[in-house]
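Heads up, the sequence shown stops at 1267 in the working numbering, and the numbers go up one at a time, no gaps. Here a beta-carbon is modelled for each residue, glycine too, at the ideal position from N, C-alpha and C.
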Amino acid sequence: MGLERAYERLTGLAVAALHEREPERLWPLLADTLTGLCGGETLIYKLDDWNEGEGTLGMSAAAAAELDRLGPRELGVLRSGYPFARHYAAGPGRVPVTARRLAGGSWPASETARVIGRALDLDQVLALPLPGTVAPITGCLVYRSGPDFTDDHLRTAERAQPVLAAVEQQRRLLEQWRESAVPAGEPRERAAECALTPRELTVLLLLTDALTADAIGRRLGISARTVHKHIENIYRKLGTRDRLGTVLKAQRLGLVRSPATPDPDGTAAVRRP
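This is the structure:
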């Protein structure tokens, strides 16, 4: 498959993912297609820091059963992200690279290579970090057996990075929206009643932070013109005419939490930065 066709497929899948209301479903939607486009057989993604001690691993369906049988020590080896974690922590570069190209002849003898060989019967790994991540450095690892990933696979992975970053930003904002909405108001049902799409919900959330269209566009990786289109749709669906009225009505509907709204335990809500 050519690079342009691969990118079109991934972009189309990302557009579909942006209509998903449940943030935990976004990466699983991408995992299997991304694996194939990058020449892999399975994929593990990690949306917090690559380290041995902590962090939840997400994975494509092909890896789930095998990884369920791993013990804590072997999972720790996979979490550590050798040899990529140290490589990416050393500087700002986030270009995809394979374990074989990075570690050279020491890769096959590494503990990480032995673990993925025993658990998955695979021996090559491609790191695809999310661009712009600093602390923690996050992303996914694509695995395959046989020869190393080709230059075309690496170019496909690099072209996929902005798409993955957009989906991850959407995931984080949906989680933030879900946490900030009023629990008693059944916010997801109310959002559906207002016909707000998941993308419009994330724009609405950023509107409550008094961000400009340009700033919202930078956060979401879209143009200010597209942001204005989303804002117009939000106004129409909520029956409002300006930003302040929109935010106030969204708060009344329980779509977003008012700064003065208490949590169920009686303490004041605090919006995450």
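Query - Burial state of Ala1151 (16 or more Cβ within 10 Å) - result: buried
Report task. Look up Gln1118 in the DSSP assignment and give the residues it is bridged to. Result -> Arg1138
Requested in this report: Determine the direct distance from the alpha carbon of Leu1020 to that of Asp1208, and round the result to whole angstroms.
Outcome: 25 Å
Requested in this report: Tell me, please, whether the segment 1058 to 1077 touches the segment 1166 to 1175 by the rule of three or more beta-carbon pairs shorter than 8 Å.
Outcome: no
Report task. In the DSSP assignment, find the beta strand (DSSP E) that holds Ile1131 and state where it starts and stops. Result -> Segment: none, Ile1131 is in no beta strand (DSSP E) and carries neither H nor E.
**Report entry** Segment limits, beta strand (DSSP E) that includes Ile1038
**Finding:** Thr1036 to Lys1040
Query - With 16 other Cβ atoms within 10 Å as the buried cut-off, status of Asp1236 - result: exposed
Query raised in the report: With a Cβ-Cβ cutoff of 8 Å, do Asp1043 and Gly1049 count as a contact?
Result: yes
Report task. Give the secondary structure of Val1091 by DSSP, where H, G and I count as helix, E and B as strand, and everything else as coil. Result -> strand
Report task. Quick one: residues in its chain with C-beta nearer than 8 Å to the C-beta of Leu997, no 5 flanking neighbours on either side, listed in chain order? Result -> Asp1146, Arg1149, Thr1150 and Arg1153
Query raised in the report: Are at least three pairs of beta-carbons, each pair with one atom in the segment 1003 to 1017 and one in the segment 1114 to 1126, less than 8 Å apart?
Result: no
Report task. Could you have a look at Gly1239 and say whether DSSP puts it in helix, strand or coil? Result -> helix
Report task. Return the chain-ordered ranges of every alpha helix (DSSP H) run that is complete within the segment 1039 to 1114 and spans a minimum of 4 residues. Result -> 1055 to 1062, 1066 to 1074, 1078 to 1083, 1093 to 1097 and 1105 to 1114
Query raised in the report: What are the start and end residues of the alpha helix (DSSP H) that includes Ile1225?
Result: Ala1218 to Leu1232
Query raised in the report: Name the DSSP beta bridge partners of Pro1192, please?
Result: For Pro1192, which the question treats as bridged, DSSP gives no partner whatsoever.
**Report entry** Local Cβ density within 10 Å of Ser1054, reported as buried at 16 or more and exposed below that
**Finding:** buried
Query raised in the report: Asp1203: which of Pro1077, Val1157, Leu1023 and Gln1245 sits nearest, CA to CA?
Result: Gln1245
Query raised in the report: Below 8 Å between beta carbons: does that hold for Ile1216 and Leu1200?
Result: no
**Report entry** Supposed contact pair Leu1004 and Leu1031 - C-beta distance, whole angstroms, cut 8 Å
**Finding:** 6 Å
Requested in this report: May I have the straight-line CA-CA distance separating Arg1172 from Gly1140, to the nearest angstrom?
Outcome: 43 Å
Query raised in the report: Out of Leu1028, Asn1045, Val1241 and Glu1162, which has the shortest C-alpha to C-alpha gap to Leu1072?
Result: Asn1045
Query raised in the report: Excluding the five sequence neighbours on either side, which residues of its own chain have a C-beta within less than 8 Å of the C-beta of Gly1070, listed in chain order?
Result: Glu1046 and Gly1047
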